[in-house]
Amino acid sequence: MVSSTAFVVAQVALAALAAHVIYQCYFHPLARYPGPFLARFTNLWRLFTFFGGQHHLSEKHLHDKYGHVVRVAPNWLSFSDLHDFDAIYGFNKSVEKDDFYLFGRPRDNRVPSVFALKTDVDHRQRKRKVVGPALTTAKITRYESVVTKHVDLFFTRADAASSSRQDGEMAAVNLAPLAHRFTMDVMLELIYGPDVVSHPYTDSATGADMCSAMRKLVKMAWSFSLCPSYGWIMNSRLISGVLRTLTTSKQGGPTGMMALMTSSHTMIFRRPEQVSLPAQPGIVKSWLDIPLDDSSRMTQDEVFSEAVNLVFAGPGSVAAALTAMVYQLGTQEGQLWQEKLRKEADVEAPPFSLELQAVVKETLRHCASFPTAFPRVIRRGAETIVSTLPAPLPIGTTVSANSYVLGRSCKIWGHDADQWLPQRWLGDESQRREMEAKLVAFSKGPRGCVGKELAWLVLAKAVIAIIRRWKFVSVGELRGKSYLEMQYDDCWIEYEELA
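Each residue of the sequence shown is one higher than the last, beginning at 146 in the numbering used here.
So, in structure tokens, the structure goes:
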């Protein structure tokens, strides 16, 4: 009796599965769009591709094969055209974020960061509170001394990590882990100031594994959203409890990100009269310095959420950009640009000269720091935003455009899109504006990156310092994997100290 009941249940389940597959493949509103077979009826295809660490290459291959629109999940379309990118990420108020940015967590009372807010109205109000006191072009100049301090520490670590030199030989060093430690340490001190945790944080006992831990944490969080059922399982109490034990020291105290959050929580949630903020400029300090009766002041929960958001978004992406930039400058083509930047540095050229901007922008285009797609959802009123489609998009459809795919598009950048050529940015003013309109590294529209100016400061200070101090060549290939941000493992250079 039991076996026959189980057989019937299995038959029903199999029939339901078959019906689901047939509907998704042939009758779903998105069935008309091409894409991988498994992606038509399950999110697992996208999850497995993501875990492979080369999803940016997979997505580009799909667009090369199928065209400008590809179905990458049962209810998700990927686009590769610049006009489509503008429609999705521009100023259309009916294309919003959804629960994807909960990263598999159940809905609760936690305050979302500016990155995760769903509506443009909420985002616009929070963005003013985040950027105005701490992240404008004028405000970030206060942070230069902190960046310079950590640049000096970067060179100390590089000398310690490099191979032993003999007369006439260049030293060799893997820049990738050094760049990540540099950006992690400098960003944490810029965000929280000097007193929340010991600095440099990655030299401390609690922060020694911070870089590797953040890589894993970011990777896992994004995977939870790509496959909600997987995210639900991984966020269950049982699994969360097991994972939490992995972030404690032998003495039972928190380490890495948990230790940082514990210390920062204590700082942020003190009563205002108990807060003794450091004299050194910092981002959290700037937010907490806003008077209590000022409408632009964030709540303590908002400050905590925004600080954590910067920790997640900043160090990894800036490290990827810095690593790729140094690697490209060490190639045969790049060594010419080394000399150009070095001559500028010798004559005290402006910190963001056209040549330096060209190198940075071309690296961000060619080697996307975020080689992924940030999805949006079609709401009522946005069904026809992509005018080239044969039918309106159903409400609730997920849409996205991958920054790596657009950055390597021959349609957008020409036949040499796969080449690193900073000179493409050195035309006249109208040509530069045209090029700028094509660059999507910091996204576009009202939800553009809030930390763009800070990223520019850190990259410029680091690259110019390296150019001044080293003459270097790249050795081997630039190796890494793509998850949310590009995570480089190998960037070997040989260098000699300049007088």
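In this text, a Cβ means the ideal position worked out from N, Cα and C, and glycines have one as well.
What you are looking at is a predicted structure, and each value in this text was computed from that prediction instead of being measured.
Scanning 593, 553, 497, 360 for the CA closest to the CA of residue 208 turns up 553. The DSSP assignment places complete beta strand (DSSP E) segments of no fewer than 3 residues inside the region 294-369 at 316-319, in order along the chain. Judged by DSSP secondary structure, residue 168 falls outside any alpha helix (DSSP H); it is assigned neither H nor E. Less than 8 Å separates the beta-carbon of residue 550 from that of residue 225.
Rounded to the nearest whole angstrom, the CA to CA distance from residue 594 to residue 183 is 33 Å. In this model, residue 229 and residue 469 are separated by some 27 Å (Cα to Cα).
Residue 499 sits away from residue 602, with the two beta carbons spaced by 8 Å or more. The beta-carbon distance between residue 462 and residue 630, rounded to whole angstroms, is 5 Å. This is short enough to meet the 8 Å contact definition.
A distance below 8 Å separates the beta carbons of residue 591 and residue 268. About 4 Å separates the Cβ atoms of residue 464 and residue 328, confirming a contact at the 8 Å cut-off. Checking the DSSP bridge columns, you'll see residue 616 partnered with 641.
Measuring C-alpha to C-alpha distances from residue 190 to each of 164, 519, 173, 221 identifies 221 as the nearest.
Residue 482 places its beta carbon less than 8 Å from that of residue 504.
Residue 325 counts as buried, since no fewer than 16 other beta carbons sit within 10 angstroms of its beta carbon.
When DSSP reads this structure, residue 406 sits in no beta bridge, so it has no partner. With at least 16 other beta carbons inside 10 angstroms of its own, residue 413 counts as buried. When DSSP states are grouped into helix, strand and coil, residue 589 belongs to the coil group.
Nearest to residue 218 by alpha-carbon distance, out of 206, 300, 194, 199, is 194.
Judged by DSSP secondary structure, residue 508 falls within the alpha helix (DSSP H) whose first and last residues are 499-511.
Secondary structure at residue 443: coil, using DSSP grouped into helix, strand and coil.
Residue environment analysis places residue 234 among the buried positions, since at least 16 neighbouring C-beta atoms fall within 10 angstroms of its C-beta. In this structure, residue 510 lies near residue 584, with their beta-carbon atoms less than 8 Å apart. Around the C-beta of residue 159, fewer than 16 other C-beta atoms lie within 10 Å, and the residue is accordingly described as exposed.
According to the DSSP assignment, residue 276 belongs to the alpha helix (DSSP H) that extends over 265-279. Under the DSSP assignment, residue 222 falls in the beta strand (DSSP E) whose first and last residues are 221-224. In the three-state DSSP reduction, residue 576 falls in the helix class (H, G or I).
Judged by DSSP secondary structure, residue 232 falls within the alpha helix (DSSP H) whose first and last residues are 227-234.
Between the region 246-260 and the region 438-452, the count of Cβ pairs shorter than 8 Å is three or higher; the stretches touch.
When C-beta atoms of the region 424-436 are compared with those of the region 337-348, three or more pairs fall below 8 Å, so the two segments count as touching. Where residue 217 is concerned, the enclosing beta strand (DSSP E) starts and stops at 214-218. Spanning the alpha carbons of residue 343 and residue 322 requires a straight line of approximately 20 Å. Residue pairing by DSSP puts residue 635 in a beta bridge opposite 624. One alpha carbon belongs to residue 303, the other to residue 614, and they sit about 12 Å apart. When rounded, the separation of the alpha-carbon atoms in residue 317 and residue 360 is 25 Å.
In the displayed model, residue 533 falls within coil according to three-state DSSP, outside both helix and strand. Ranking 201, 314, 212, 180 by CA distance to the CA of residue 617 puts 314 first.
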